[in-house]
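Positions in the sequence shown are counted from 1; adding 325 to them yields our numbering.
A virtual CB, placed ideally from N, CA and C, is assigned to each residue, including glycine.
The structure appears below as C-alpha coordinates.
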Amino acid sequence: PFTMITSESFKGVKGKVWAYAVKAGDKLSEKINIEDFDNGVYDFRITGPNGFYRHFTGNKQNPQIVIKAMPEQSGLVSKKLTGNLIFSIENRSSSAVSIQIIDNKYKTATRTVLLKPKATSNLVSNLSKNGNWYDLSIINIGNSIFKHRYSGKIETGQITTSDPYMGNA
326 PFTMITSESF KGVKGKVWAY AVKAGDKLSE KINIEDFDNG VYDFRITGPN
376 GFYRHFTGNK QNPQIVIKAM PEQSGLVSKK LTGNLIFSIE NRSSSAVSIQ
426 IIDNKYKTAT RTVLLKPKAT SNLVSNLSKN GNWYDLSIIN IGNSIFKHRY
476 SGKIETGQIT TSDPYMGNA
(Lines of atoms letter the chains of each structure in order from A; the text may use other names.)
(Lines give C-alpha, C1' and ligand atoms only; values in the text may rest on other atoms or scores of the structure.)
Protein backbone atom coordinates (compact mmCIF):
# COMPACT_ATOMS: atom_id res chain seq x y z
CA PRO A 326 0.00 0.00 0.00
CA PHE A 327 1.07 3.55 -0.75
CA THR A 328 -0.43 6.69 0.74
CA MET A 329 -0.11 10.24 -0.59
CA ILE A 330 -1.14 13.27 1.45
CA THR A 331 -0.90 17.00 0.87
CA SER A 332 -0.68 19.64 3.56
CA GLU A 333 -1.75 22.30 1.06
CA SER A 334 -5.37 23.01 0.15
CA PHE A 335 -6.33 20.84 -2.85
CA LYS A 336 -9.67 21.72 -4.50
CA GLY A 337 -10.68 23.33 -1.21
CA VAL A 338 -9.70 20.32 0.93
CA LYS A 339 -6.74 20.70 3.29
CA GLY A 340 -4.99 17.42 4.09
CA LYS A 341 -6.34 15.46 1.10
CA VAL A 342 -5.30 11.78 1.18
CA TRP A 343 -4.91 9.36 -1.72
CA ALA A 344 -4.52 5.61 -1.03
CA TYR A 345 -3.21 3.01 -3.50
CA ALA A 346 -2.79 -0.76 -3.47
CA VAL A 347 -0.35 -2.35 -5.93
CA LYS A 348 1.26 -5.72 -6.56
CA ALA A 349 5.01 -6.26 -6.91
CA GLY A 350 6.14 -5.00 -10.31
CA ASP A 351 3.09 -2.77 -10.88
CA LYS A 352 3.64 0.83 -11.98
CA LEU A 353 1.74 3.60 -10.28
CA SER A 354 1.18 7.08 -11.68
CA GLU A 355 -1.10 9.98 -10.87
CA LYS A 356 -1.55 13.21 -12.82
CA ILE A 357 -2.56 16.22 -10.75
CA ASN A 358 -2.78 19.79 -12.06
CA ILE A 359 -1.05 22.54 -10.11
CA GLU A 360 -4.14 24.69 -10.72
CA ASP A 361 -6.03 22.35 -8.35
CA PHE A 362 -4.02 23.76 -5.43
CA ASP A 363 -5.65 26.83 -3.97
CA ASN A 364 -2.38 28.76 -3.60
CA GLY A 365 -0.50 27.36 -6.64
CA VAL A 366 2.00 25.50 -4.44
CA TYR A 367 2.00 21.72 -4.16
CA ASP A 368 3.32 19.69 -1.23
CA PHE A 369 3.00 15.89 -1.43
CA ARG A 370 4.24 13.26 1.01
CA ILE A 371 4.14 9.65 -0.19
CA THR A 372 4.79 6.68 2.09
CA GLY A 373 5.09 2.99 1.33
CA PRO A 374 6.70 -0.25 2.49
CA ASN A 375 10.29 -0.67 3.69
CA GLY A 376 11.03 2.98 4.40
CA PHE A 377 9.75 4.22 1.01
CA TYR A 378 9.19 7.97 1.30
CA ARG A 379 8.85 10.80 -1.19
CA HIS A 380 8.24 14.48 -0.50
CA PHE A 381 7.63 16.81 -3.44
CA THR A 382 7.17 20.58 -3.19
CA GLY A 383 7.01 23.15 -5.96
CA ASN A 384 5.03 25.73 -7.88
CA LYS A 385 4.52 27.11 -11.41
CA GLN A 386 8.12 28.36 -11.43
CA ASN A 387 9.45 24.80 -11.29
CA PRO A 388 12.20 23.93 -13.73
CA GLN A 389 11.00 21.98 -16.75
CA ILE A 390 12.64 18.76 -15.60
CA VAL A 391 11.34 15.22 -15.23
CA ILE A 392 13.02 13.15 -12.49
CA LYS A 393 12.89 9.36 -12.35
CA ALA A 394 14.47 7.51 -9.41
CA MET A 395 15.26 3.87 -10.15
CA PRO A 396 17.57 1.08 -9.00
CA GLU A 397 20.79 0.64 -10.97
CA GLN A 398 21.14 -2.65 -12.85
CA SER A 399 24.27 -4.37 -14.14
CA GLY A 400 24.75 -7.13 -16.68
CA LEU A 401 23.74 -7.32 -20.31
CA VAL A 402 21.64 -10.47 -20.30
CA SER A 403 20.99 -11.33 -16.68
CA LYS A 404 20.15 -8.00 -15.05
CA LYS A 405 21.15 -7.74 -11.38
CA LEU A 406 20.48 -4.88 -9.02
CA THR A 407 23.67 -3.21 -7.77
CA GLY A 408 22.13 -1.56 -4.69
CA ASN A 409 22.73 1.91 -6.13
CA LEU A 410 20.13 4.51 -7.08
CA ILE A 411 19.99 6.28 -10.45
CA PHE A 412 18.32 9.63 -10.98
CA SER A 413 17.42 9.99 -14.65
CA ILE A 414 16.74 13.71 -15.08
CA GLU A 415 15.38 15.07 -18.34
CA ASN A 416 15.66 18.81 -18.92
CA ARG A 417 12.78 19.73 -21.24
CA SER A 418 13.73 23.41 -21.23
CA SER A 419 15.66 25.25 -23.94
CA SER A 420 17.90 26.62 -21.14
CA ALA A 421 20.39 24.92 -18.85
CA VAL A 422 19.10 24.13 -15.34
CA SER A 423 21.26 23.98 -12.19
CA ILE A 424 20.34 21.42 -9.56
CA GLN A 425 21.87 20.02 -6.41
CA ILE A 426 21.58 16.51 -5.01
CA ILE A 427 21.80 16.70 -1.22
CA ASP A 428 22.31 13.72 1.09
CA ASN A 429 20.03 14.34 4.07
CA LYS A 430 21.41 11.59 6.36
CA TYR A 431 24.40 9.57 5.15
CA LYS A 432 26.97 12.36 4.69
CA THR A 433 27.92 11.97 1.04
CA ALA A 434 29.01 15.21 -0.58
CA THR A 435 26.43 17.50 -2.18
CA ARG A 436 26.58 17.34 -5.97
CA THR A 437 25.89 20.36 -8.15
CA VAL A 438 24.91 19.50 -11.71
CA LEU A 439 24.25 21.71 -14.73
CA LEU A 440 21.62 19.99 -16.87
CA LYS A 441 22.05 20.78 -20.56
CA PRO A 442 18.99 22.00 -22.48
CA LYS A 443 16.80 19.29 -24.06
CA ALA A 444 19.03 16.52 -22.64
CA THR A 445 18.82 13.69 -20.12
CA SER A 446 21.43 13.04 -17.43
CA ASN A 447 21.74 9.77 -15.50
CA LEU A 448 23.26 10.37 -12.07
CA VAL A 449 24.27 7.37 -9.95
CA SER A 450 24.26 7.50 -6.15
CA ASN A 451 26.46 4.82 -4.58
CA LEU A 452 24.64 3.44 -1.54
CA SER A 453 27.04 0.65 -0.54
CA LYS A 454 28.25 2.43 2.64
CA ASN A 455 24.62 2.81 3.80
CA GLY A 456 23.45 -0.79 3.31
CA ASN A 457 21.57 0.41 0.18
CA TRP A 458 19.54 2.96 2.17
CA TYR A 459 19.15 6.52 0.86
CA ASP A 460 17.68 9.90 1.80
CA LEU A 461 18.40 12.37 -1.01
CA SER A 462 16.89 15.69 -2.05
CA ILE A 463 17.03 17.39 -5.42
CA ILE A 464 16.71 21.16 -5.40
CA ASN A 465 16.71 23.73 -8.19
CA ILE A 466 19.26 26.46 -7.59
CA GLY A 467 17.33 29.74 -7.68
CA ASN A 468 13.91 28.31 -6.76
CA SER A 469 13.63 27.87 -3.00
CA ILE A 470 10.20 26.19 -3.22
CA PHE A 471 11.20 23.31 -5.54
CA LYS A 472 12.43 20.29 -3.59
CA HIS A 473 12.02 16.59 -4.33
CA ARG A 474 13.07 14.21 -1.56
CA TYR A 475 13.62 10.48 -2.09
CA SER A 476 14.12 8.04 0.81
CA GLY A 477 14.08 4.28 1.10
CA LYS A 478 16.13 1.20 0.36
CA ILE A 479 17.23 -0.57 -2.81
CA GLU A 480 16.56 -4.29 -2.37
CA THR A 481 18.93 -6.64 -4.22
CA GLY A 482 17.90 -10.01 -2.82
CA GLN A 483 21.06 -10.05 -0.69
CA ILE A 484 21.16 -9.86 3.10
CA THR A 485 21.74 -6.27 4.22
CA THR A 486 21.38 -4.19 7.37
CA SER A 487 18.61 -2.14 8.90
CA ASP A 488 18.69 1.57 8.21
CA PRO A 489 21.80 2.92 9.99
CA TYR A 490 19.77 6.00 11.02
CA MET A 491 16.71 4.15 12.32
CA GLY A 492 15.83 5.75 15.62
CA ASN A 493 18.17 8.70 14.98
CA ALA A 494 15.84 10.73 12.77
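{"Item": "C-alpha gap between V366 and G482, whole angstroms", "Value": "39 Å"}
{"Item": "Same chain, Cβ closer than 7 Å to N451, neighbours up to 5 away in sequence not counted", "Value": "N409"}
{"Item": "C-alpha gap between A444 and K472, whole angstroms", "Value": "21 Å"}
{"Item": "DSSP beta-bridge partners of Y345", "Value": "F327"}
{"Item": "Sequence-distant residues of its chain with Cβ nearer than 7 Å to D368 (five each side left out)", "Value": "T331, S332, E333 and T382"}
{"Item": "K478 - DSSP class collapsed to helix/strand/coil", "Value": "strand"}
{"Item": "Contact between the region 417–437 and the region 396–405 (3+ Cβ pairs under 8 Å)", "Value": "no"}
{"Item": "Closest Cα partner of K478 within the set V438, V342 and Y490", "Value": "Y490"}
{"Item": "Runs of beta strand (DSSP E) wholly within the region 386–449 (minimum 3 residues, chain order)", "Value": "390–399, 405–416, 422–428 and 436–440"}
{"Item": "Proximity below 9 Å, CB of I466 to CB of Y475", "Value": "no"}
{"Item": "Closest residue to A434 among K336, L440 and I426 (Cα-Cα distance)", "Value": "I426"}
{"Item": "Simplified DSSP assignment, three categories, for N384", "Value": "strand"}
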